[in-house]
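Engineer: Residues in the sequence shown are numbered consecutively from 349, following the numbering used here.
Where a beta carbon is used, it is the ideal one built from N, C-alpha and C, also for glycine.
All of these numbers come straight from a predicted model, not from anything done at the bench.
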Amino acid sequence: MANVDYVRALNNLLQANGAVTLFNWGALGTTGHGHAPVHTIDAIYNGAVIGSGTGSNKNAAKQAAAAQAYAYLRQIYG
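Listed below in structure tokens is the structure:
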């Protein structure tokens, strides 16, 4: 799927299944040089990391982590 907002899709899936309180984001930080940073964010569900994303900005990292988390939770919730 092109141009999917996985953060929104993930939130909708969590809300539909009453699981919002089981989910949170974990910002692991930024590495790289000032002109080329690499941000890393984890998607955490019920205490377990179910997605991890990196990107040149925080939004890209969050979208990457959300895509993995969404795929994982779709297997659980359908």
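Which of helix, strand or coil does DSSP assign to A367?
Structural biologist: Within the sequence shown, the letter at position 19 stands for residue 367. It is coil, neither helix nor strand.
Engineer: Could you check what DSSP says for N405 in three-state terms: helix, strand or coil?
Structural biologist: Residue numbering aside, residue 405 sits at position 57 when the sequence shown is read from its first letter. In the structure shown, N405 sits in coil (DSSP, three-state: anything other than H, G, I, E or B).
Engineer: What does DSSP give as the partner residue(s) for A396 in the beta ladder?
Structural biologist: Residue numbering aside, residue 396 sits at position 48 when the sequence shown is read from its first letter. Partner(s): Y393.
Engineer: For H387, which residues does DSSP report across the bridge?
Structural biologist: For the purposes of this step, residue 387 is taken as the residue at position 39 of the sequence shown. Per DSSP, T378 and G403.
Engineer: What residues are listed by DSSP as bridge partners for N372?
Structural biologist: Against the sequence shown, residue 372 aligns to sequence position 24. Bridge partners of N372: I392.
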